[in-house]
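The numbering of the sequence shown is numbering that gives the first Met the number 0, which starts it at 0 and goes up by one.
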Amino acid sequence: MIDKTAREAQAIRDARTLFAEALTDLGLMESFFHRSAEDIDRLIEAAVTGYIDSMQDQAARKERTGTALDDPLPF
Numbered sequence: 000m001i002d003k004t005a006r007e008a009q010a011i012r013d014a015r016t017l018f019a020e021a022l023t024d025l026g027l028m029e030s031f032f033h034r035s036a037e038d039i040d041r042l043i044e045a046a047v048t049g050y051i052d053s054m055q056d057q058a059a060r061k062e063r064t065g066t067a068l069d070d071p072l073p074f
C-alpha cells in the first residue's frame with residue numbers, strides 16, 4: 000500500500016492482534032516474536048494487497064456457477 004490513509008494504517012495496526020493469534024495457534028510465534036512492527040505490518044500489507052487485487056481481478060470476470068446454464072455452449 001502506497002500512501003496509506005490514517006484509517007488504513009490503523010487497520011493494519013489493529014490486524015496485528017489477529018495475526019499474532021494465528022501465529023500462536025499455528026505454533027509459529029517464536030519465529031516472528033522478535034520481528035519489528037514494520038516487518039509484521041509488511042506481511043499484513045502483502046496479504047491484504049494480494050487479497051484485494053485478487054478480488055478485483057475476479058470481479059472483472061463473470062463468476063462461473065458450475066451449472067449447465069453457466070456454459071456458453073450448453074449442449
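We put the CB at the ideal spot given by N, CA and C, even for glycine.
Within its own chain, the residues whose Cβ lies closer than 6 Å to the Cβ of L22, once the five positions on either side in sequence are excluded, are M28 and F31, listed in chain order. Spanning the alpha carbons of E44 and E62 requires a straight line of approximately 26 Å.
In chain order, D40, I43 and E44 place their CB closer than 7 Å to the CB of I11, counting only its own chain and leaving out the 5 sequence neighbours on each side.
The continuous alpha helix (DSSP H) containing S30 extends over residues M28 to F31.
Of the candidates E37, R60 and T4, E37 places its Cα closest to the Cα of R15.
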